[in-house]
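Q: To start, I am sharing the structure in question, which I have written as structure tokens.
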Amino acid sequence: MQNLRIVVRGGGDLATGVIHRLWRAGFTPLVLECAHPAAIRRQVALCEAVYAGKATVEGMTGVLIHSLSEAVAVWQAGQVPVLVDASASCVKILQPDIVVDAIIAKKNLGTTMDMAPLTIALGPGFEAGTDVHAVVETKRGHNLGRVITKGCAAPNSGIPGIIAGYGKERVLHAPVAGVLHIVKDIGSFVEKGQVIAEIKTADGAVVAVEASLTGIIRGMIREGFPVTKGFKIADIDPRQEELANCFTISDKARCIAGSVLELVCEFMNKVN
Numbered sequence: 005m006q007n008l009r010i011v012v013r014g015g016g017d018l019a020t021g022v023i024h025r026l027w028r029a030g031f032t033p034l035v036l037e038c039a040h041p042a043a044i045r046r047q048v049a050l051c052e053a054v055y056a057g058k059a060t061v062e063g064m065t066g067v068l069i070h071s072l073s074e075a076v077a078v079w080q081a082g083q084v085p086v087l088v089d090a091s092a093s094c095v096k097i098l099q100p101d102i103v104v105d106a107i108i109a110k111k112n113l114g115t116t117m118d119m120a121p122l123t124i125a126l127g128p129g130f131e132a133g134t135d136v137h138a139v140v141e142t143k144r145g146h147n148l149g150r151v152i153t154k155g156c157a158a159p160n161s162g163i164p165g166i167i168a169g170y171g172k173e174r175v176l177h178a179p180v181a182g183v184l185h186i187v188k189d190i191g192s193f194v195e196k197g198q199v200i201a202e203i204k205t206a207d208g209a210v211v212a213v214e215a216s217l218t219g220i221i222r223g224m225i226r227e228g229f230p231v232t233k234g235f236k237i238a239d240i241d242p243r244q245e246e247l248a249n250c251f252t253i254s255d256k257a258r259c260i261a262g263s264v265l266e267l268v269c270e271f272m273n274k275v276n
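The opening residue of the sequence shown carries number 5 in our numbering; numbering runs sequentially from there.
Put into structure tokens, the structure is as follows:
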């Protein structure tokens with residue numbers, strides 16, 4: 005029964021939570037990513053394999069492959085294949101049983117219900133029953149992880165969830181367009197106003213990015229990443245005692261992952 009062909013679009017931190025849950029349950033997912041993923045929580049994102057060749061999160065290793073034929077050896081090694089295929093063109097070849105859209109783009113980037121017998125999408129941008137078979141709520145609160153089989157998830161508010169009384173202050177965005185240079189990386193303790201990164205603009209100017217609050221850098225975009233003005237580049241956790249959380253799958257990701265596994269198990273019971 006664990007031979008179900010499962011494709012997960014996206015390898016960011018929430019997607020990785022889903023992939024990890026499926027992997028722990030004995031499934032062998034294939035991860036599809038874009039050529040230049042921009043995960044903030046890089047330490048818990050399999051998409052980092054696109055850059056490094058491999059990425060390990062809580063005992064699970066993602067391995068970059070260059071063709072579908074390479075996936076079998078990776079699965080046999082107990083690992084997770086990661087393929088650069090932003091348009092999911094390989095779905096027509098693989099003909100998976102399940103497709104999970106975990107890109108978290110807040111809009112549909114091409115996932116359709118006819119891609120697989122079961123299609124699941126995380127968060128806003130999809131209508132269950134029209135675009136996909138089921139949507140999983142990703143907004144923190146009472147309905148986080150709720151399975152929606154008719155209708156949509158809550159619309160994107162643009163405001164991060166509240167942690168220790170802080171919401172939008174936790175997230176930093178690029179003040180200008182340019183190339184990012186990291187001054188303080190993930191796991192670093194920083195004081196409010198301290199420079200945590202610099203952005204070099206096209207005309208050679210260097211613009212400092214200062215910490216918006218005191219805490220631990222929970223997420224930071226990759227060194228040398230080209231950013232546009234307003235691009236999300238970092239996330240600060242005000243809870244100074246939560247250093248370990250920078251390197252483990254979040255409660256939110258695990259909640260969402262449980263709902264995806266629920267849908268997969270329900271599908272298995274119907275087809276067996």
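Don't be surprised by glycine CBs; every beta carbon is placed ideally from N, CA and C.
(1) Under three-state DSSP, which class holds CYS38?
(2) Look at the alpha carbon of ILE107 and the alpha carbon of ASN276, and state the distance between them as a whole number of angstroms.
(3) Checking 8 Å against the spacing of the C-beta atoms, do VAL264 and VAL104 come in under that value?
(4) Going by C-alpha distance, which of ARG9, THR142, ARG226, GLY197 is nearest VAL279?
(5) Is the number of C-beta pairs between the stretch 223-241 and the stretch 109-127 that are closer than 8 Å three or more?
(6) Relative to the C-alpha of GLU202, which residue among GLU173, ASP189, VAL136 is closest?
(7) Could you compute how far the alpha carbon of ASP239 sits from the alpha carbon of LEU98?
(8) Classify GLU141: buried if its beta carbon has 16 or more other beta carbons within 10 angstroms, exposed otherwise.
(9) Looking at the structure shown, is MET5 part of a helix, part of a strand, or coil, going by DSSP?
(10) Hey, quick one: how far does the beta strand (DSSP E) through ASP241 stretch, first residue to last?
(11) Terminal residues of the continuous alpha helix (DSSP H) containing ILE23?
A: Straight from the coordinates:
(1) coil
(2) 29 Å
(3) yes
(4) This structure cannot speak to residue 279, because the chain is shown only from 5 to 276.
(5) no
(6) ASP189
(7) 36 Å
(8) buried
(9) Residue placement at MET5 is poorly supported in this model, since its pLDDT is 42, which falls under 50; the coordinates still yield a value, given next. It is coil, neither helix nor strand.
(10) 236-241
(11) 17-28
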